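Numbering (my numbering), first residue to last: 1 to 81.
Note that the Cβ used here is the ideal one computed from N, Cα and C, for glycine as well.
No experiment lies behind these values; they were computed from the predicted model shown.
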Amino acid sequence: MVSLDEIYGIGLDEYCRIQGTTPDQLIQKTKTDMVLLKMRLHHLVWHEVQNSHTDELIRVVKEKLERKRKHLERLKKWNKN
């Protein structure tokens with residue numbers, strides 16, 4: 001897994017300063033994004049009529065959720081360094 005240092009070329013503190021946030025706020029926002037994606041996935045799976053369009057939306061939401069999960073892992077690791 002590529003570290004966020006390698007992606008952004010700066011440390012977490014500098015990244016947060018630029019974004020106007022703190023590491024803890026950044027981690028919490030990522031967790032919140034994941035909860036919202038899980039809610040969207042639940043809605044698609046249980047409340048929508050299954051068709052090819054819904055299947056594609058489910059696939060996209062699952063991919064976004066996986067990317068957020070990996071991003072959260074990177075943030076937590078980055079925050080420790």
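Give every residue of the same chain whose Cβ lies closer than 7 Å to the Cβ of residue i, excluding the five residues on either side of it in the sequence, and list them in chain order.
{"i": "I58", "result": "L41, L44 and V45"}
{"i": "N79", "result": "L12, P23 and I27"}
{"i": "C16", "result": "T22, P23 and L26"}
Could you pull out every residue in the same chain whose Cβ sits closer than 8 Å to the Cβ of residue i, ignoring the five residues on either side in sequence?
{"i": "V61", "result": "L37, R40, L41 and L44"}
Please confirm whether residue i and residue j have their CB atoms less than 8 Å apart.
{"i": "D24", "j": "K68", "result": "no"}
{"i": "K31", "j": "L72", "result": "yes"}
Taking the continuous alpha helix (DSSP H) assigned at residue i, which residues delimit it?
{"i": "I18", "result": "L12 to Q19"}
Quick check on DSSP: helix, strand or coil for residue i?
{"i": "T22", "result": "coil"}
When the Cα atoms are used, what is the spatial distance from residue i to residue j?
{"i": "D55", "j": "E63", "result": "12 Å"}
{"i": "Y8", "j": "E14", "result": "10 Å"}
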